[in-house]
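The structure under discussion appears below in the form of structure tokens.
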Amino acid sequence: MDRNSITGIILIALLVVGYNIIYPPVVEEKTNEQDNTSTTVIVEETIEEKPTSEVADTNNESMSSEERISKYGAFAMSAYGSDDTIIIENDKLELHISAKGGRITAAILKEYQTSDSLPLNLIDKDSSAFNLKFFSENRVINTEDLYFTSNKHSSQSVSMKLMAEGNRFLEYVYTLKEGDYMMDFHVNSNGLNSLIPSNQNALELDWVLNLPHTEKSLDNERMYSTVYYKYLNDDVDYLSETKNEEEELNGKAQWIGFKHQFFSSVLINNNGFDRSAIIKAETHEGSKKFVRELSANITLPYTHKSEESIPLQFYFGPNHYQSLSTYNMDLERMIPLGWGIFRWVNKYAVIPMFNWLDNSITNYGIIILIMTIIIKMVLAPFTLKAYKSQAKMKVLKPEMDKIQEKHKEKDPMKAQQEVMALYKKTGVNPLGGCLPMLLQMPILFAMFRFFPASIELRQKSFLWADDLSSYDSIMSLPFEIPFYGDHVSLFTLLMTVSTILYTRMNSQMSGPQMAQMKWMMYLMPIMFLGFFNNYAAGLSYYYFLANMITFGQQFVMRKFFIDENAIIAQIENNKKKPTKKSKFQKRLEEMARKQQEAAKKRGR
342 MDRNSITGII
352 LIALLVVGYN
362 IIYPPVVEEK
372 TNEQDNTSTT
382 VIVEETIEEK
392 PTSEVADTNN
402 ESMSSEERIS
412 KYGAFAMSAY
422 GSDDTIIIEN
432 DKLELHISAK
442 GGRITAAILK
452 EYQTSDSLPL
462 NLIDKDSSAF
472 NLKFFSENRV
482 INTEDLYFTS
492 NKHSSQSVSM
502 KLMAEGNRFL
512 EYVYTLKEGD
522 YMMDFHVNSN
532 GLNSLIPSNQ
542 NALELDWVLN
552 LPHTEKSLDN
562 ERMYSTVYYK
572 YLNDDVDYLS
582 ETKNEEEELN
592 GKAQWIGFKH
602 QFFSSVLINN
612 NGFDRSAIIK
622 AETHEGSKKF
632 VRELSANITL
642 PYTHKSEESI
652 PLQFYFGPNH
662 YQSLSTYNMD
672 LERMIPLGWG
682 IFRWVNKYAV
692 IPMFNWLDNS
702 ITNYGIIILI
712 MTIIIKMVLA
722 PFTLKAYKSQ
732 AKMKVLKPEM
742 DKIQEKHKEK
752 DPMKAQQEVM
762 ALYKKTGVNP
772 LGGCLPMLLQ
782 MPILFAMFRF
792 FPASIELRQK
802 SFLWADDLSS
812 YDSIMSLPFE
822 IPFYGDHVSL
832 FTLLMTVSTI
842 LYTRMNSQMS
852 GPQMAQMKWM
862 MYLMPIMFLG
872 FFNNYAAGLS
882 YYYFLANMIT
892 FGQQFVMRKF
902 FIDENAIIAQ
912 IENNKKKPTK
922 KSKFQKRLEE
932 MARKQQEAAK
942 KRGR
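Here's what the structure looks like:
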């Protein structure tokens, strides 16, 4: 479980217990611009702007043919060329494929934009890598250093061949399908068995992405970005989202995904990647351009046939639960919906309800309002039971105060026994209001995980909030306040104020015995103010609505459904009935008696 989840659970749990109510009451890098004006682009850059591999490329051109043959052997003919860019596209995705290395250098999602209204590109050419490494004639061949030639180019498919002498080649075939973010990627070879040593039965693939900063909050992006992976016929796992981590995968992984907050780049092998893989997730704190650096060192099987083909797939697209579920690869598990029962609530209750409303309502603020009302209606029976339990405890309060006054600090064990006897005699369960609240905790935490993970809310505005998946801001501060931030979220303020008002109302009704807890009950909303100020506006809006509906719900239930006179009459009637002690009560009283005797012995 990540640190953010743990913090959320602790805060929600403290809120439920505390209130005993239903709801808590160093160098900035310049952004590269993407050129989308033509279908074939020749990229021209100065040597100073080129990464190391491209500088080495210039050296390749200055080499003599003998030097190229000495360095690259049979692949010397591919050691220099023109770094052209081929573009293939469908209605969802535009891919730029470079002749240098034959790799994808841009993956532009046509239906999405960055928070700055720029084309959303998942791959930064200069900081990414996709390099196949193998031995050939006692030389190490890196495909990133060599030039591929394009063959059989259509609008949605292209074949990129790395030629070797004797008409031998390594081939990458990229094929898009209309209306899909999933694409086929085949690694083919022809005649390489005569170049690759017989003791090499795998090809080494290095895949590196520096995730571009695309969202409003860089900190929130980093909190949800890491490497996910799935073994064949096994569950999904991931690296830490909050710290640098490296892990070796011992076994065949079906897929490895570089997950961004709302988008993912996934490499898939339904036959399983051969042998082990090393995955890594790192955060470069000084960078404002990149979220995290994610990498994977993968092995692909090679069997020394004259012709071979390794069928793979790429997914470049949104983390949309329903869409990912259709692939039947557990890709939807990359969406952080919580664990255990919390994920179950989101999967089978919250998401279906949200999608049902989304089919007929276009305003997401209204959708959240209706969701809140539906949830409160479903939980109304538990709410009523809790209020009735509170009313019974309120009726018993004078008698309980007398018992406490009678024994004070002289015999607290005796006071406890008499209070328990009073509960038994009147038929009041002191925990009657707690269980309904505990049953609602899965919904509270499920919503806590749902809103920040929902791409449906991304860049959807409501009232003053321009993005319900990120924080709303009505004022930017010229400085940063520790544990709060450099802006003011109005939805968070409204949630905090409504929680404080509800706390004040209930503390007045609870009486003086709650005085010692008042400081904690007022501290909780202040803690939420700092925590939720940088969180999804949709979540703060939901909690604010829940508080406001609870105000009305409490008034209606106490006005029309709870009759204190009837409760008093019921309690008095219960007192007249003979009480029979249960075995559990007898054991409880026996334990209390023994504790009392032990306390007396210690006091001698």
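Positions 342 to 945 (the working numbering) are the ones given, in order, by the sequence shown.
Virtual Cβ for every residue (Gly too), placed ideally from N, Cα, C.
At the level of alpha carbons, what is the spacing between residue i and residue j?
{"i": "Tyr364", "j": "Leu835", "result": "Annotation note: pLDDT 36 at Tyr364 (below 50); position unreliable, coordinate value reported separately. If you take the alpha carbons of Tyr364 and Leu835, they lie about 15 Å apart."}
{"i": "Thr583", "j": "Ser566", "result": "9 Å"}
{"i": "Ile692", "j": "Glu545", "result": "40 Å"}
{"i": "Val719", "j": "Thr713", "result": "10 Å"}
{"i": "Pro793", "j": "Thr837", "result": "19 Å"}
{"i": "His748", "j": "Gln757", "result": "10 Å"}
{"i": "Glu407", "j": "Ala417", "result": "9 Å"}
{"i": "Leu511", "j": "Ser530", "result": "5 Å"}
{"i": "Arg444", "j": "Asn888", "result": "52 Å"}
{"i": "Phe786", "j": "Glu623", "result": "28 Å"}
{"i": "Ile639", "j": "Asn669", "result": "23 Å"}
{"i": "Ala594", "j": "Met524", "result": "19 Å"}
{"i": "Ser316", "j": "Leu880", "result": "Any question about residue 316 goes unanswered here, given that the chain covers just 342 to 945."}
{"i": "Thr387", "j": "Leu672", "result": "Confidence in Thr387 is poor, its pLDDT being 28 and thus under 50, which makes the residue's placement unreliable; the coordinate value appears in the next sentence. When rounded, the distance between both Cα atoms is 40 Å."}
{"i": "Lys371", "j": "Ser458", "result": "The predicted model places Lys371 with a pLDDT of 37, which falls under 50 and marks its position as unreliable, so this point remains unresolved."}
{"i": "Ile682", "j": "Arg674", "result": "14 Å"}
{"i": "Leu950", "j": "Ser795", "result": "Past the edges of the chain, shown from 342 to 945, lies residue 950, and the structure says nothing about it."}
{"i": "Glu556", "j": "Leu886", "result": "26 Å"}
{"i": "Tyr579", "j": "Thr724", "result": "38 Å"}
{"i": "Phe901", "j": "Gly893", "result": "12 Å"}
Starting from the Cα of residue i, find the closest Cα among the options and give me that residue.
{"i": "Leu559", "options": "Ser498, Phe510, Lys630 and Leu517", "result": "Lys630"}
{"i": "Ile449", "options": "Gly443, Leu635, Leu434 and Leu546", "result": "Leu434"}
{"i": "Trp548", "options": "Tyr515, Leu798, Ile597 and Gln541", "result": "Ile597"}
{"i": "Lys729", "options": "Asp904, Met501 and Asn431", "result": "Asp904"}
{"i": "Lys935", "options": "Met754, Gln595 and Glu562", "result": "Met754"}
{"i": "Glu589", "options": "Arg684, Ile537, Arg616 and Gly658", "result": "Arg616"}
{"i": "Pro823", "options": "Ile841, Met788, Pro866 and Leu870", "result": "Leu870"}
{"i": "Met782", "options": "Ala732, Leu698 and Trp685", "result": "Trp685"}
{"i": "Gln454", "options": "Glu626, Lys801, Leu780 and Leu573", "result": "Lys801"}
{"i": "Thr460", "options": "Thr484, Ile867, Leu886 and His554", "result": "This sequence places Pro at residue 460; Thr is not what is there. Per the Cα distances, His554."}
{"i": "Ser539", "options": "His645, Leu798, Lys621 and Val528", "result": "His645"}
{"i": "Gly658", "options": "Arg633, Ser605, Glu562 and Gln497", "result": "Ser605"}
{"i": "Met564", "options": "Asn574, Leu536, Phe603 and Phe526", "result": "Phe603"}
Could you pull the start and end residues of the alpha helix (DSSP H) that residue i belongs to?
{"i": "Leu536", "result": "That residue, Leu536, is in no alpha helix (DSSP H); it is neither H nor E in DSSP."}
{"i": "Gly706", "result": "Tyr705 to Val719"}
{"i": "Gly879", "result": "Ala878 to Phe901"}
{"i": "Tyr656", "result": "Taken as a continuous stretch (DSSP letters only), Tyr656 belongs to no alpha helix (DSSP H), being part of the beta strand (DSSP E) at Glu648 to Pro659."}
{"i": "Ala762", "result": "Pro753 to Thr767"}
{"i": "Phe695", "result": "Ile692 to Asp699"}
{"i": "Ser411", "result": "Ser406 to Tyr413"}
Is the Cβ-Cβ distance between residue i and residue j less than 9 Å?
{"i": "Leu533", "j": "Ser477", "result": "yes"}
{"i": "Phe873", "j": "Ser830", "result": "yes"}
{"i": "Ile428", "j": "Ala440", "result": "no"}
{"i": "Ala415", "j": "Glu485", "result": "no"}
{"i": "Asp807", "j": "Leu798", "result": "no"}
{"i": "Gly422", "j": "Tyr515", "result": "no"}
{"i": "Tyr883", "j": "Phe803", "result": "no"}
{"i": "Ile620", "j": "Tyr570", "result": "yes"}
{"i": "Val419", "j": "Thr446", "result": "Note that residue 419 corresponds to Ser in the displayed sequence, not to Val. Cβ atoms of Ser419 and Thr446: not closer than 9 Å."}
{"i": "Leu698", "j": "Ile711", "result": "yes"}
{"i": "Ile784", "j": "Ala878", "result": "no"}
Buried or exposed, going by whether 16 or more other CB atoms sit within 10 Å of the CB of residue i?
{"i": "Leu551", "result": "The sequence given here has Asn at residue 551, not Leu. By the neighbour-count rule (16 or more Cβ atoms within 10 Å), Asn551 is buried."}
{"i": "Thr891", "result": "buried"}
{"i": "Asn660", "result": "buried"}
{"i": "Asn610", "result": "buried"}
{"i": "Asn462", "result": "buried"}
{"i": "Asn612", "result": "exposed"}
{"i": "Met862", "result": "buried"}
{"i": "Asn704", "result": "exposed"}
{"i": "Val528", "result": "buried"}
{"i": "Asp813", "result": "buried"}
{"i": "Glu938", "result": "exposed"}
{"i": "Ile841", "result": "buried"}
{"i": "Val607", "result": "buried"}
At what residues does the beta strand (DSSP E) containing residue i begin and finish?
{"i": "Ala622", "result": "Asp615 to Glu623"}
{"i": "Pro819", "result": "Met816 to Ile822"}
{"i": "Trp685", "result": "Per DSSP, Trp685 belongs to no beta strand (DSSP E); it is in the alpha helix (DSSP H), Ile682 to Val686."}
{"i": "Trp548", "result": "Ala543 to Pro553"}
{"i": "Ala447", "result": "Ile445 to Gln454"}
{"i": "Ile428", "result": "Asp425 to Glu430"}
So does residue i have its beta carbon nearer than 8 Å to some heavy atom of the ligand ZN?
{"i": "Gly507", "result": "Judged by which ligands are present, the structure shown has none, so any question about the ligand ZN falls away."}
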